[in-house]
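Residue numbering for the sequence shown follows our numbering, beginning at 991 and increasing consecutively.
Following: one structure in structure tokens, then a few remarks.
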Amino acid sequence: MQTQADLAKEVVLLRQENAFLKEELAQFKRMVFGSKKERFIAADPDQQGLFDIRVSPQEVQRETVTYQREKTSKKGKAKRLLLPAHLPREEEVIKPEGLDMKNSSKIGEKVTEVLEYTPWQVLCP
991 MQTQADLAKE VVLLRQENAF LKEELAQFKR MVFGSKKERF IAADPDQQGL FDIRVSPQEV
1051 QRETVTYQRE KTSKKGKAKR LLLPAHLPRE EEVIKPEGLD MKNSSKIGEK VTEVLEYTPW
1111 QVLCP
């Protein structure tokens, strides 16, 4: 059986532990719910203790993740869909006029599709 002195020491220790836990809980609440000025700042050495967990470099596991994504078009430019294959197409080749093309070679080609329609053609195929 415990003596009165032992019980008094235990009460004092429990009150100290209770006060410490209340302060720690209040600190946690300020970090999570406090105003921006009171929130947790990692560079502040005074705000360590609640989540102060040290991990050795050997315990850290690293994983390399690779993925592919489509490169999006420049901002502001709409990406146009291809026109359906059943629509009639006309090919128009534009060549420079008045130049001697004997010793020339083709450098590149630019293809543009323009949708032109006449209302009566669309309604009555």
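Note that the Cβ used here is the ideal one computed from N, Cα and C, for glycine as well.
Quick caveat: nothing in here was measured; it's all calculated off a predicted structure.
Collapsing the DSSP output to three states places Pro1109 in a helix.
Rounded to the nearest whole angstrom, the CA to CA distance from Phe1018 to Arg1005 is 20 Å. In this structure Glu1103 is in contact with Leu1073, their Cβ atoms being roughly 5 Å apart against a cut-off of 8 Å. Rounded to the nearest whole angstrom, the CA to CA distance from Arg1052 to Glu1099 is 48 Å.
Assigned with DSSP and collapsed to three states, Leu997 falls in helix.
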